[in-house]
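Here the sequence shown is numbered in our numbering, starting from 1 and rising by one per residue.
Even glycine gets a Cβ: it sits at the ideal position worked out from N, Cα and C.
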Amino acid sequence: MGGAVIREPGTYALVDGRELRVTARARDEVWVEEDGERRPVNRNDDAVQLYDVVVSARWHGEPVDVSGVRGRMVGIRTNSSQLAEREGLAGDQYGGWHGETSADQLTDVEEQVRPVPRRNP
Numbered sequence: 001m002g003g004a005v006i007r008e009p010g011t012y013a014l015v016d017g018r019e020l021r022v023t024a025r026a027r028d029e030v031w032v033e034e035d036g037e038r039r040p041v042n043r044n045d046d047a048v049q050l051y052d053v054v055v056s057a058r059w060h061g062e063p064v065d066v067s068g069v070r071g072r073m074v075g076i077r078t079n080s081s082q083l084a085e086r087e088g089l090a091g092d093q094y095g096g097w098h099g100e101t102s103a104d105q106l107t108d109v110e111e112q113v114r115p116v117p118r119r120n121p
């Protein structure tokens, strides 16, 4: 993985050319965080683009989803009971297993960006 930065998975809004993290979604607005302040944005505004970021990778040769990023540490999720047992991950067969590892332990990191459609009035 090297020194690459992994973007936090979640929903983002492109507002006035700035990528802002969405902290809450409602029918006609989203709340974004900008410079430590939260504010509402009209999600139907043509100048606002919403998209979801999903990050997947491999950890110890098994596929995982990145669930969060804090500095050089990442949260991971998997449905592999073998990986969970081998690495001591928390969880169960119904909700999957989760844990935390350093970002440099991940390989084949892939980010998918999926547009969030606008609501029709």
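- Counting along the chain, no alpha helix (DSSP H) covers L89, and no H or E run does either.
- Taking 9 Å as the cut-off, the Cβ atoms of V55 and R7 count as close.
- Residue range Q49 to W59 is occupied by the beta strand (DSSP E) that includes A57.
- Y12 is bridged by DSSP to R21 and Y51.
- Straight-line measurement puts the Cα of P9 at about 15 Å from the Cα of V32.
- Judged by DSSP in its simplified three-state form, S80 adopts coil rather than helix or strand.
- Closest in alpha carbon position to E37, among R27, E111, L20 and R43, is L20.
- Taking 9 Å as the cut-off, the Cβ atoms of M73 and T107 do not count as close.
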